[in-house]
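One structure below.
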């Protein structure tokens, strides 16, 4: 497989975080919309899967979770300690540390966090329910900087043209919640190949959420979260939207390199309680050597 980087532009507010498993779901919906049932069946069962990462600020990668240093030198000044604490809190690092790409001077994110109030809607009548207001979190591109540029990484045997097609299908109707009211407007800018640099730590870095497959990951360093996935597309109007819940490792996880790998985890099948469809969930992520 080749490692591909796609540069995207966020042109409106976001209700749904751009995480790898949700991005894969949008790609799958795009395939279903354009290639029908046969196309999506083939996409979900290809021997070499289409594996996509979460989105990161342009030129950045998730900061790897690494083993603590055994011999930590004493800080020579208060400023050194302040810089150490600042680096420790950072969520991202420069992609040029681990990939053969041009370094870029960028901040960690250009979003402004906000909250809006919504009302619950009855599934039976389609009308608003009395006294059922609730807040929702939103991310807005910084108005002083305009649209936000981000990167996603894909591990695939497909050509650049095919990857560009799949991503354009994924974003054609917007991304995530409230896309019908203007949220999640995403523009695909550029798709190209990237190459990892020589590893420093002898470990792999996961670029998206994943589960551990049958193999035990040696010296895994990771945070976890509970994913309560939901189905999209036309099936969301026919079935209960909720998938089976799973516990996933977060992007930024690292583990010791014991064999050659291009991605970690696997695609989960039958993730809904219906037996009429094979509803899948992405539980794999591209990895790079660090």
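Numbering (this note's numbering), first residue to last: 704 to 993. Don't be surprised by glycine CBs; every beta carbon is placed ideally from N, CA and C. Since the structure is predicted, the reported quantities are computational estimates derived from the model, not experimental observations.
Between the beta-carbon of residue 953 and that of residue 928 there is about 6 Å, and that keeps the pair under the 8 Å contact cut. Residue 769 and residue 941 have their alpha carbons spaced roughly 45 Å apart. Using a 10 angstroms sphere on the CB of residue 896, the tally of other CB atoms stays under 16, which defines it as exposed.
The C-alpha of residue 744 is placed about 14 Å away from the C-alpha of residue 979. Between residue 708 and residue 856, the beta carbon gap of about 6 Å places them in contact (Cβ cut-off 8 Å). Within the stretch 915-985, the beta strand (DSSP E) runs of at least 3 residues that lie entirely inside it are, in chain order, 927-930, 949-952, 957-959, 966-971. In the structure shown, residue 897 falls within a coil segment according to DSSP collapsed to helix, strand and coil.
Taking C-beta atoms under 8 Å as the contact rule, residue 852 and residue 712 qualify, at a distance of about 6 Å.
With fewer than 16 other CB atoms across the displayed protein chains lying within 10 angstroms of its CB, residue 835 is exposed. Residue pairing by DSSP places residue 840 opposite 818 in a beta bridge. The DSSP-derived three-state label of residue 908 is strand. With a 10 Å radius around the Cβ and a threshold of 16 neighbouring Cβ atoms, residue 889 comes out buried. As the crow flies, the alpha-carbon of residue 976 is around 27 Å from that of residue 874.
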